[in-house]
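Before any comments, here is the structure.
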Amino acid sequence: MEPVLRDRLTDALLANLTEPQAEAVRCTDGPLLVLAGAGAGKTRVITRRAAYLAATVTRPWNVLAITFTNKAANEMAERLVAMGVGREMTVCTFHALCARLLRIHHGRAGLPRDFTIFDVADQRKVLKEAIAAAGLSTDQWSPARVQGVISQAKNQMLTARAYEEGAADWSQRTVARIYAAYEEGLARQHGLDFDDLLLKLALLLRGDAELRGEIERRYTHVLIDEYQDTNAAQYEIARHITSKNANLCATGDPDQSIYGWRGADIRNILRFEEDFPQAHVVRLEQNYRSTKRILSAASHLIEHNVERKDKTLWTENPEGARVRVVSVEDAEDEAHFIAHEVARYRAEGGNLADVAVFYRLNSLSRTIEEALIRAGVPYQVARGTEFYNRKEIKDVLAYARVLTNPFDEVSLTRAINTPARGIGKTTIDRLVAHAQATGAPLHAVVAAPEQVAALQAAAKRRVAGFAQLLASLAPLVDGRPREGIEQLVSLTGIQAELAQLSAHDPEPAQNVEELISAASAFEEAHPDATLRDWLEYTSLLGDVDAVEEDTGKLTLMTLHAAKGLEFPRVYVIALEDGMLPFCRQEYDPTYDEEEERRLCFVGMTRAKQFLTLSHADYRMVRGVAERKTRSQFLDELPRGEIERVDGGTGSADKGRRAPRNRSALPADIERWQVHGLVRHPEYDLGRIVWIRLAGAQTRVHVAFQCGHEQTFLLAYADLTRVEFDEVD
DNA sequence: TGTATTTATGTTTTT
DNA sequence: CATAAATACA
311 MEPVLRDRLT DALLANLTEP QAEAVRCTDG PLLVLAGAGA GKTRVITRRA
361 AYLAATVTRP WNVLAITFTN KAANEMAERL VAMGVGREMT VCTFHALCAR
411 LLRIHHGRAG LPRDFTIFDV ADQRKVLKEA IAAAGLSTDQ WSPARVQGVI
461 SQAKNQMLTA RAYEEGAADW SQRTVARIYA AYEEGLARQH GLDFDDLLLK
511 LALLLRGDAE LRGEIERRYT HVLIDEYQDT NAAQYEIARH ITSKNANLCA
561 TGDPDQSIYG WRGADIRNIL RFEEDFPQAH VVRLEQNYRS TKRILSAASH
611 LIEHNVERKD KTLWTENPEG ARVRVVSVED AEDEAHFIAH EVARYRAEGG
661 NLADVAVFYR LNSLSRTIEE ALIRAGVPYQ VARGTEFYNR KEIKDVLAYA
711 RVLTNPFDEV SLTRAINTPA RGIGKTTIDR LVAHAQATGA PLHAVVAAPE
761 QVAALQAAAK RRVAGFAQLL ASLAPLVDGR PREGIEQLVS LTGIQAELAQ
811 LSAHDPEPAQ NVEELISAAS AFEEAHPDAT LRDWLEYTSL LGDVDAVEED
861 TGKLTLMTLH AAKGLEFPRV YVIALEDGML PFCRQEYDPT YDEEEERRLC
911 FVGMTRAKQF LTLSHADYRM VRGVAERKTR SQFLDELPRG EIERVDGGTG
961 SADKGRRAPR NRSALPADIE RWQVHGLVRH PEYDLGRIVW IRLAGAQTRV
1011 HVAFQCGHEQ TFLLAYADLT RVEFDEVD
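Okay, so the first sequence: first residue is 311 according to the numbering used here, each after it adds one.
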């Protein structure tokens, strides 16, 4: 770059920054920790810093910037282009970086070239097989739970072997067996799960000094955003790729650490100065986002955390309106209140893109969505992965995946009978059995069904037909994404089937069309990408990545997804005990009150102008109305900044709400016992076989005299207890 | 074999 | 409530 041009660029990059911000941009040598409070302009600073590095001490391709979401990466990359830095800088998430490096260095990592990334559903299938293979039952070993344990282990850098060595009791030793079988299943299918991406790269770097050197020469300067949410594997990767240059810039905020449940270790950021004794630390504590009142409310809340580095956010922004705490009777009223207020805002000329609703649980969006539809308010939900979980989309992608990686049995067994071509469970079981017996990969058995003695002639013919279809589709994976998907949809017969279905249900066909558009859009953004590349891209997509800007729509998302975003008008709903802070049971061992508080803090600090917090007296949870008390967090807010609002009761149209006193446990619940007698209007007398006490979820299993047996949700069941002396 | 219906069962949050 | 698995039926 010409010196004159360069000076002009660096001047521009330092313009309009406060002194600490400019310091974070200018400090190019050695480790740097930027402790940036919420709304302190962190994104702006790191983007400028990346550009500044590229303009002064190094070249764009020597800079690696790691963000938390793909969306953040794309936005940063775009801004860099606008600043004249070009597209050569590496800006991506940890997971994308790992996928890329493992792909390039698959040989050194001991991975097959064609490995694919398994999503949670695929993982679940492999895990179920692993549980069966270990001779265990899924009743006792819930796949969901084991999946969680294995994921946690991988995040802590524990391989199956290491986990087994550390197993302290019988239960852990059993999980170790399942873990080992699961790894075997994944390896056989050439699959990596999300956690593997991090784990495998960390292990590769740990044992390969040459590769470390190579990467360090390539990336002389590394930036990692949201450092407070890195886990052990990410931490190790970060250390490995920066140990020599030590040009690591970590940015983050301990008060916004909200991924502890996923293995994120807040200590990674807290010990940065120990890891790098020569580290320079910059604190950004001036908030440019929120009004004084919003900031004050959020600050008061977070100060209730005990394990916390002291930090005081301040702002020169106006005082603003008070933070509202809205009380309503139930979720319908809450939704009605928000929908109508937003509709009014829109009618008065407001832009819906200014408005966001945050909640702790995805399931809470439904009531809000219904109210918004009724009020005619357009909205988008940050749930990108949901699209890719639809049956018809998975069907199409199963083909793409099996073509990319023939060893992928999850996709192979899905594609083999979609659309239905008479290859059912029995046939598949026989193919699998043959593969197991001979040790041949399943795809090879499918390609040569005539060798499977157990198969009937007709079945052999059908399987051979499918194998032929696959072979004819094979070239598509190295072609263009859009054309590949189009060909695939048409040649497999999926298109024809969906077209036929369209009269009854047009959605699947539309979704497939949307998938083709998505492939098309990717193609435009990445002119030389193949179907294979697109597949990898889709498997790394997250929920927030689907959020579009300037759509003129209101945005709904979880509090977790909201991190890093900002909106002029924010609603945080369901601030109730057990919802936010969220807690499944009294004795929930994973409960972390401080993390829940940080989550609430993150939500509140997204708001620029107006912040509304709401709570309801009743809320339906899993189909049962539950009495709720207001969240303790509401009582931790400063009285002076709060305005209490009665959201009105019964304002919503609750037409089909059950009028009877359903969902109440019988008053004499403590006298119900096993072997006790009960009466039911239909089945009459019965004896209680077992009782599972679980609050509103309490279930009883009754064996009736008539021979009928049934489990009841006690709150709903029309059962009455019968004393012995009432019986004839 | 494939589809429709019933029934059991379970849970945050995400790359 | 919502989904997945199990079962009944065409």
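For each residue, glycine too, the CB sits at the ideal point set by N, CA and C.
Under the DSSP assignment, M914 falls in the alpha helix (DSSP H) whose first and last residues are 903 to 914. For the options G501, D788, Q1015, P759, the alpha carbon positioned closest to that of F776 is the one of P759. Secondary structure note for T861: it is in no alpha helix (DSSP H), with a DSSP letter that is neither H nor E. Between the alpha carbons of A806 and A382 lies a gap of roughly 39 Å. Straight-line measurement puts the Cα of G660 at about 55 Å from the Cα of R498. Sixteen is the threshold: when 16 or more other Cβ atoms of the shown chains lie within 10 Å of the Cβ of P341, as they do, the residue is buried. Taking E793 as the centre and dropping the five residues before and after it, the same chain places no C-beta closer than 6 Å to its C-beta.
The three-state reading of DSSP puts Y473 in helix, counting H, G and I together. With fewer than 16 other beta carbons inside 10 angstroms of its own, D945 counts as exposed. In the three-state scheme derived from DSSP, where H, G and I count as helix and E and B as strand, W624 is classed as strand. Below 8 Å, too few C-beta pairs join the segment 501 to 515 and the segment 475 to 490 to call them touching: fewer than three. Cβ contact annotation for T400 (same chain, cutoff 8 Å, sequence separation greater than five): W371, V373, L374, A375, L407, Y529, in chain order. As computed with DSSP, I534 is found in a beta bridge with I376, A560. Within the same chain, and ignoring the five residues on either side of E526 in sequence, the residues whose Cβ sits closer than 7 Å to its Cβ are I551, K554, N555. The three-state reading of DSSP puts M889 in strand, counting E and B together.
Counting along the chain, the unbroken beta strand (DSSP E) around Y881 starts and ends at 877 to 882. By the neighbour-count definition (other C-beta atoms within 10 Å, threshold 16), R359 is a buried residue. Apart from sequence neighbours up to five positions away, the residues of its chain that approach E953 with a beta-carbon distance below 6 Å are R632, R634, ordered along the chain.
In the structure shown, the three-state DSSP call for T737 is helix. Spanning the alpha carbons of Y569 and I576 requires a straight line of approximately 9 Å.
Counting along the chain, K918 sits inside the beta strand (DSSP E) bounded by residues 917 to 931. The beta strand (DSSP E) runs of length 3 or more contained entirely in the segment 321 to 361 are, from start to end of the chain, 342 to 346. H590 is bridged by DSSP to L342. Under DSSP, V616 forms no beta bridge with any residue. Between A710 and L801, the gap from beta carbon to beta carbon reaches 8 Å or more.
Between S924 and G957, the CB-CB gap stays under 8 Å. When secondary structure is reduced to three states using DSSP, R937 falls in the strand class. In the DSSP assignment, C402 is bridged to I376. Sixteen is the threshold: since fewer than 16 other Cβ atoms of the shown chains lie within 10 Å of the Cβ of P628, the residue is exposed. When H415, L780, A325 are compared, the shortest CA-CA separation from D518 is found for H415. Secondary structure of G694 (DSSP, three-state): helix. Distances from the alpha-carbon of A574 to those of V880, S481, M467 put M467 closest. When C-alpha distances from Y698 are compared across Q450, W624, D855, the shortest belongs to D855. The DSSP-derived three-state label of G394 is coil. Annotated three-state conformation of R634 is strand, per DSSP. Residue pairing by DSSP places E834 opposite no residue, since no beta bridge is assigned to it.
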